[in-house]
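So the protein lines, in turn, are chains L and C. Okay, so the first sequence: first residue is 279 according to our numbering, each after it adds one. Okay, so the second sequence: first residue is 279 according to our numbering, each after it adds one. Using N, Cα and C, we set each Cβ at its ideal position, and we do this for glycine too.
Protein chains: 2
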Amino acid sequence: MNGAESLVHTLLKGGVDTCFANPGTSEMHFVAALDRIPGMRCVLGLFEGVVTGAADGYARMAGKPAATLLHCGPGLANGLANLHNARRAGSPIVNIVGDQATYHRPLDAPLTADTEGWARPVSSFVRTATRAAEVGADAAAAIRAARTPPGQIATLILPADTAWNEGGVIGETLPPPPAPRVDQGVVTSIARTLRGNEPAILVLAGEALSAAGLALAHRIRAATGTRLIAQMSNARIAHGAGRVPIDRVPYPVESALAALGGLKHIVLVGAVKPVAFFAYPGKPGHLFPADATVHVLARPEQDLPEALARLAEELGAPEAPLPETKPRPAPAKGRPTSEAVAQSLSALLPDQAVIVDESVSFGRNLFSDTASAAPHDWLQISGGAIGHGMPLATGAAVGAPGRRVIGLEADGSAMYTIQALWTQARERLDVTTILLSNRKYAILLNELANVGANPGRTALDMLDLSNPDLDWPRIAGGLGVEAARAETMERFADLFSHSLSRSGPFLIELII
Amino acid sequence: MNGAESLVHTLLKGGVDTCFANPGTSEMHFVAALDRIPGMRCVLGLFEGVVTGAADGYARMAGKPAATLLHCGPGLANGLANLHNARRAGSPIVNIVGDQATYHRPLDAPLTADTEGWARPVSSFVRTATRAAEVGADAAAAIRAARTPPGQIATLILPADTAWNEGGVIGETLPPPPAPRVDQGVVTSIARTLRGNEPAILVLAGEALSAAGLALAHRIRAATGTRLIAQMSNARIAHGAGRVPIDRVPYPVESALAALGGLKHIVLVGAVKPVAFFAYPGKPGHLFPADATVHVLARPEQDLPEALARLAEELGAPEAPLPETKPRPAPAKGRPTSEAVAQSLSALLPDQAVIVDESVSFGRNLFSDTASAAPHDWLQISGGAIGHGMPLATGAAVGAPGRRVIGLEADGSAMYTIQALWTQARERLDVTTILLSNRKYAILLNELANVGANPGRTALDMLDLSNPDLDWPRIAGGLGVEAARAETMERFADLFSHSLSRSGPFLIELII
Numbered sequence: 279m280n281g282a283e284s285l286v287h288t289l290l291k292g293g294v295d296t297c298f299a300n301p302g303t304s305e306m307h308f309v310a311a312l313d314r315i316p317g318m319r320c321v322l323g324l325f326e327g328v329v330t331g332a333a334d335g336y337a338r339m340a341g342k343p344a345a346t347l348l349h350c351g352p353g354l355a356n357g358l359a360n361l362h363n364a365r366r367a368g369s370p371i372v373n374i375v376g377d378q379a380t381y382h383r384p385l386d387a388p389l390t391a392d393t394e395g396w397a398r399p400v401s402s403f404v405r406t407a408t409r410a411a412e413v414g415a416d417a418a419a420a421i422r423a424a425r426t427p428p429g430q431i432a433t434l435i436l437p438a439d440t441a442w443n444e445g446g447v448i449g450e451t452l453p454p455p456p457a458p459r460v461d462q463g464v465v466t467s468i469a470r471t472l473r474g475n476e477p478a479i480l481v482l483a484g485e486a487l488s489a490a491g492l493a494l495a496h497r498i499r500a501a502t503g504t505r506l507i508a509q510m511s512n513a514r515i516a517h518g519a520g521r522v523p524i525d526r527v528p529y530p531v532e533s534a535l536a537a538l539g540g541l542k543h544i545v546l547v548g549a550v551k552p553v554a555f556f557a558y559p560g561k562p563g564h565l566f567p568a569d570a571t572v573h574v575l576a577r578p579e580q581d582l583p584e585a586l587a588r589l590a591e592e593l594g595a596p597e598a599p600l601p602e603t604k605p606r607p608a609p610a611k612g613r614p615t616s617e618a619v620a621q622s623l624s625a626l627l628p629d630q631a632v633i634v635d636e637s638v639s640f641g642r643n644l645f646s647d648t649a650s651a652a653p654h655d656w657l658q659i660s661g662g663a664i665g666h667g668m669p670l671a672t673g674a675a676v677g678a679p680g681r682r683v684i685g686l687e688a689d690g691s692a693m694y695t696i697q698a699l700w701t702q703a704r705e706r707l708d709v710t711t712i713l714l715s716n717r718k719y720a721i722l723l724n725e726l727a728n729v730g731a732n733p734g735r736t737a738l739d740m741l742d743l744s745n746p747d748l749d750w751p752r753i754a755g756g757l758g759v760e761a762a763r764a765e766t767m768e769r770f771a772d773l774f775s776h777s778l779s780r781s782g783p784f785l786i787e788l789i790i
Numbered sequence: 279m280n281g282a283e284s285l286v287h288t289l290l291k292g293g294v295d296t297c298f299a300n301p302g303t304s305e306m307h308f309v310a311a312l313d314r315i316p317g318m319r320c321v322l323g324l325f326e327g328v329v330t331g332a333a334d335g336y337a338r339m340a341g342k343p344a345a346t347l348l349h350c351g352p353g354l355a356n357g358l359a360n361l362h363n364a365r366r367a368g369s370p371i372v373n374i375v376g377d378q379a380t381y382h383r384p385l386d387a388p389l390t391a392d393t394e395g396w397a398r399p400v401s402s403f404v405r406t407a408t409r410a411a412e413v414g415a416d417a418a419a420a421i422r423a424a425r426t427p428p429g430q431i432a433t434l435i436l437p438a439d440t441a442w443n444e445g446g447v448i449g450e451t452l453p454p455p456p457a458p459r460v461d462q463g464v465v466t467s468i469a470r471t472l473r474g475n476e477p478a479i480l481v482l483a484g485e486a487l488s489a490a491g492l493a494l495a496h497r498i499r500a501a502t503g504t505r506l507i508a509q510m511s512n513a514r515i516a517h518g519a520g521r522v523p524i525d526r527v528p529y530p531v532e533s534a535l536a537a538l539g540g541l542k543h544i545v546l547v548g549a550v551k552p553v554a555f556f557a558y559p560g561k562p563g564h565l566f567p568a569d570a571t572v573h574v575l576a577r578p579e580q581d582l583p584e585a586l587a588r589l590a591e592e593l594g595a596p597e598a599p600l601p602e603t604k605p606r607p608a609p610a611k612g613r614p615t616s617e618a619v620a621q622s623l624s625a626l627l628p629d630q631a632v633i634v635d636e637s638v639s640f641g642r643n644l645f646s647d648t649a650s651a652a653p654h655d656w657l658q659i660s661g662g663a664i665g666h667g668m669p670l671a672t673g674a675a676v677g678a679p680g681r682r683v684i685g686l687e688a689d690g691s692a693m694y695t696i697q698a699l700w701t702q703a704r705e706r707l708d709v710t711t712i713l714l715s716n717r718k719y720a721i722l723l724n725e726l727a728n729v730g731a732n733p734g735r736t737a738l739d740m741l742d743l744s745n746p747d748l749d750w751p752r753i754a755g756g757l758g759v760e761a762a763r764a765e766t767m768e769r770f771a772d773l774f775s776h777s778l779s780r781s782g783p784f785l786i787e788l789i790i
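Structure, rendered in structure tokens:
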């Protein structure tokens, strides 16, 4: 058994049975090992950002890590932006990067780069294998690190000779450390605060936004009047009819300040402190009142539903009935607006759909406006690096077979990782991409106004995606994905329903 | 004057008048400043790998740095692979990365990342601006660093508040340090070696591969019998009729060992030691005999033509007539093969064309087989990170107006940075892309054989780009570039000639 074979065996033994890959020369022994050892599903991406974003989407839906397979430092570099997003989401990923042979690295051949240096900012675990005999143990340690709560990026760098040399040993699966328990004193203290009369809010993230977590938070709200909100960017929120409706901390600073104004207590439940996405001249960075106290019920790596359950118990909060879901509307007609898209999604969304939201400015209210849709999961880009949505949708579809994935994509961000469409076609994934085509970087036009700049010709040119117009049905078709254009909501409803009636991917360019 | 305005003024004063950009929120003041200050040509890329690769191509043709404009750590990350290539090419780039405001960084908003950490492995200069008043001086230092021989990546990170705050001061242009002079003792010693009877070779790179550099090397060869070769990957080689023909160190290890076998002296002229691109089991890493002596006539940062001129003088080497160029062939007919493509290029290449070669395996002999073509420059991907060619061609066309750029692209590598086509369309750049479509990662099939693996179904699937086939005319058309498919060399010749007869980009999918 060579090192590469011990790696594949160790991954499978540790429950990692899906590999998103864009291999190169230094990964050929790993690829060859996949031939000889059955059980690993390999999904090819034509760009590394697709690979890492898909691994993130897979983890969010499957609840366990996939492996990646990347080629040397520059191949890793191409995947970093979506690893950044995955790290912010707390997604577990076993990030495997093949590299120059140990003894070849000092020769500084052209593709040699600082692979470890690039991996470190996004990885909780970085190890470069040194001997074939230890690759199995290295992989087991990487899986353990990836599975360490809340989910981490574990980068294992595999010099080519550690893959091809004989003497591989399968690594024993290492159980991840348990989530650190929330101290009872914290629960008691926060319960005392919430029983008081001062305005308080629970800021939820991670598993606190699962159906079970939300139900617990809802009990606390019902018992104490504490408000609930989700943090701004979230890995996954249980949403739709029958779920506890929740808003998110808004992106625009003014809206966020209004939403959190007057609060005396901010209780973080796996969430980060509410801060502005960017600084703006003369606007605050913290989005909550300066005199509010920030409490931490649980850190991201703790068991959030357990913490909420104990808080509910401490408060003696009984089961609470959900507010009634609004009746489901009919599909919208006429001109495509944000409200119309939300209405049609609410009307037509299939049960247990997975929404992947990279709709940026146009889609800001789509989440709150789809609370009456059939129950679904809502996935957000989590680290603000655009080019996340289409890979995320691709991986989510692999990780949640049988569920329809709906991608809400802005045209500007879709262009970053357009190669994802090819993987969707190749794997015949059930993904409907709604390409919201406004032919500009609309968010940046807002931001230009936000920073007080008055755009002229040069600035407008830099934020404009027309000249030439992107022809999405042709691009998608060229990548193997059937596609069509809608300029009215009637046509949109027809195309959306058509996409649900068939298997495999479909793209709707919606002119907005 | 705010910091951003002082930056734009300093760039223009320092001769940096072209900016390849993919801006985001934190760059809005820079964008606004471009409106108010005339003189900067801004070229928008829809992905950062396009931006950095284009800056590389521009630098190679214009002989001076462009600026980039990237958005935060993840935006930089998306551009790293082509910065890696640019670094290996010795291309000067003023790499500007907008980032979180200085006082906002500690709040760790979602897009916050280790921008400096990611920049360092590719940059000779990394500085994060701290005050608006110093941005101009920081930019002047960055320009100087970029222009330091042989050409470097200088990364200037610009926190948003250093851009928007008032108090900007235009930076005084700083002259770059002169290239360190080659010691006369080195010249004398190498001249003595070359006068001896032991087999020797000059390995050329950088400016030694300009028409003037090659002519000097040719004199040395004529006087001493010393052989000439270019290093494996080169930023730019003067090539074609009337130029000194030269081979490159071959990529396959066996071919390289054969090319360099029997040598006693390896003389580096701005070149790196000939080493294998990758290690392979049982094959050597150094491509020259173990008993050969390696001499360094000049390091990459030294004046290579000057060093060659002094060596020629020391040897008393007179002007030497060039070997006769083979007559130009007629365009090829029939089935597209590598030989046929070289023949048609030799026949049809316009005068002073710029060839950008990312043809990978299929194109390995295109360079040596086009020595009889009209004089042209040949640009290679320099750091082995694929996804370089189309951005490089884009930037080369901006940097060399009036010259037709011919991109030789493999389908696998083209997919990495396909967004470049849109920029070519928007800027109406004279680029003819020859898309060599074999619908597989052909190089990896060779490499799989090289490492002794016998591919099965899984491995073959991972190296296969069909299922679905990429439809290049549709993809290119969707991105605004006119395109057509050729399955014969007759059709290829027609399309190629058509592309030359018009302005703007064109893509030929050549089925190979």
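Own chain residues within Cβ distance below 6 angstroms of Glu283/L, not counting five before or after: Same-chain partners within the cutoff: Ala311 and Gly446.
Strand pairing of Glu444/L, partner residues [DSSP]: According to DSSP, Glu444/L bridges with Asn280/L.
Contacts that Gly331/C makes with chain L (C-beta to C-beta distance below 7 angstroms): The premise fails here: Gly331/C is roughly 12 angstroms from chain L at the closest Cβ pair, so nothing lies under 7 angstroms.
Residues from the segment 543–567 of chain L in contact with chain C, defined by Cβ distance under 8 angstroms: Taking 8 angstroms as the Cβ-Cβ cut-off against chain C, the residues of the segment 543–567 of chain L that qualify are Val550, Lys551, Val553, Ala554, Phe555, Phe556, Ala557, Pro559, Gly563 and His564.
Minimum C-alpha distance to Gln621/L - residue among Ala391/L, Val464/L and Phe774/L: When the alpha-carbon of Gln621/L is set against those of Ala391/L, Val464/L and Phe774/L, the nearest one is in Phe774/L.
CB-CB length for Ile371/L against Gly292/L, believed under 8 angstroms: Between Ile371/L and Gly292/L the beta-carbon gap is near 13 angstroms, outside 8 angstroms, which marks them as no contact.
Beta-carbon proximity of Pro256/C to Leu541/C, cut-off 9 angstroms: Because chain C spans 279 through 790 in this model, residue 256/C falls outside it and cannot be assessed.
Proximity winner among Asp581/C, Glu326/C and Ile633/C, relative to Leu546/C (alpha-carbon distances): For Leu546/C, the nearest C-alpha among the options comes from Asp581/C.
Neighbouring residues, chain C, relative to Asp708/L (Cβ below 9 angstroms): Neighbours of Asp708/L on chain C: none; closest Cβ ~16 angstroms, over 9 angstroms.
In DSSP terms, what Pro628/L is bridged to: Beta-bridge pairing links Pro628/L to no other residue.
Members of the segment 684–696 of chain L near chain C, C-beta cut-off 9 angstroms: Answer set for the segment 684–696 of chain L: Gly690, Met693, Tyr694, Thr695 and Ile696.
Option in Leu482/C, Asn512/C and Arg314/C with minimal Cα separation from Ile498/C: Checked all of Leu482/C, Asn512/C and Arg314/C; the closest Cα to Ile498/C is Leu482/C.
Chain C within 9 angstroms of Ala587/L, Cβ atoms only: Chain C contact via Cβ: absent.
Gly667/L - containing alpha helix (DSSP H), residue span: First-last of the alpha helix (DSSP H) with Gly667/L: Gly667 to Gly677.
Terminal residues of the alpha helix (DSSP H) in which Pro437/C lies: Unbroken run through Pro437/C is the beta strand (DSSP E), Ile431 to Pro437; no alpha helix (DSSP H).
Nearest to Arg577/L (by Cα), restricted to the options Asn724/L, Pro458/L, Arg319/L and Asn732/L: For the residues Asn724/L, Pro458/L, Arg319/L and Asn732/L, the minimum Cα distance to Arg577/L belongs to Pro458/L.
Beta strand (DSSP E) segment containing Leu348/L, residue limits: Leu348/L -> beta strand (DSSP E) spans Ala344 to His349.
Any chain L beta carbon closer than 9 angstroms to Ile721/C: Taking Cβ atoms only, chain L reaches closer than 9 angstroms to Ile721/C, which makes this a yes.
Inter-stretch contact (C-beta, 8 angstroms, three-pair minimum) for the segment 545–561 of chain L and the segment 515–522 of chain L: Look at the beta carbons and you see the segment 545–561 of chain L not touching the segment 515–522 of chain L: under three pairs across the two are nearer than 8 angstroms.
At least 3 beta-carbon pairs within less than 8 angstroms: the segment 754–766 of chain C vs the segment 698–715 of chain C: Touching, per the Cβ criterion.
Candidates Ser650/L, Ser402/L, His543/L and Pro455/L: closest to Ala570/L by CA position: Checked all of Ser650/L, Ser402/L, His543/L and Pro455/L; the closest Cα to Ala570/L is His543/L.
Sequence-distant residues of its chain with Cβ nearer than 7 angstroms to Ala359/L (five each side left out): Excluding residues within five positions, the ones whose Cβ falls inside 7 angstroms are Gly327, Ala663 and Gly665.
Rounded Cβ spacing between Ala671/C and Val683/C (contact assumed at less than 8 angstroms): Contact between Ala671/C and Val683/C holds, since their C-beta atoms are separated by about 5 angstroms, short of 8 angstroms.
Cα-Cα separation between Thr433/L and Ser401/L, rounded to whole angstroms: Between Thr433/L and Ser401/L, the C-alpha separation is close to 6 angstroms.
Strand pairing of Gly353/C, partner residues [DSSP]: DSSP links Gly353/C through a beta bridge to no other residue.
Sub-9 angstroms separation of Pro614/C and Phe770/C beta-carbons: Yes; because the gap between Cβ atoms is below 9 angstroms, this pair is in contact.
Neighbour flag for Gly381/C against chain L, beta carbons, 9 angstroms: As written in the sequence, residue 381/C is Tyr, which differs from the Gly given in the question. Closer than 9 angstroms to some Cβ of chain L, the Cβ of Tyr381/C qualifies, so yes.
Cβ contact (3+ pairs, closer than 8 angstroms) linking the segment 301–308 of chain C and the segment 375–386 of chain C: The segment 301–308 of chain C is in contact with the segment 375–386 of chain C.
Among Leu778/C, Ser777/C, Ile712/C and Asp739/C, the one whose alpha carbon lies nearest that of Glu765/C: Distances from the CA of Glu765/C to each of Leu778/C, Ser777/C, Ile712/C and Asp739/C were compared; the closest alpha carbon is that of Ile712/C.
Limits of the alpha helix (DSSP H) - the one that Asp739/L falls within: Residue range Arg735 to Met740 is occupied by the alpha helix (DSSP H) that includes Asp739/L.
Boundaries of the alpha helix (DSSP H) in which Thr471/C is found, first to last residue: Here the alpha helix (DSSP H) through Thr471/C covers Gln462 to Arg473.
Local conformation of Ile515/L per DSSP, three classes: Ile515/L: strand per DSSP, three-state reduction.
Euclidean distance between Cα positions of Leu743/L and Pro388/L: One C-alpha to the other measures close to 35 angstroms.
Short Cβ contact (9 angstroms threshold) for Met562/L with Met510/L: Note that residue 562/L is Pro in the sequence shown, not Met. Against a cut-off of 9 angstroms, the Cβ pair of Met510/L and Pro562/L comes out as no contact.
Touch test, the segment 599–610 of chain L against the segment 648–662 of chain L, Cβ-Cβ under 8 angstroms, three pairs minimum: Here the segment 599–610 of chain L lies against the segment 648–662 of chain L, with 3 or more beta-carbon pairs under 8 angstroms apart.
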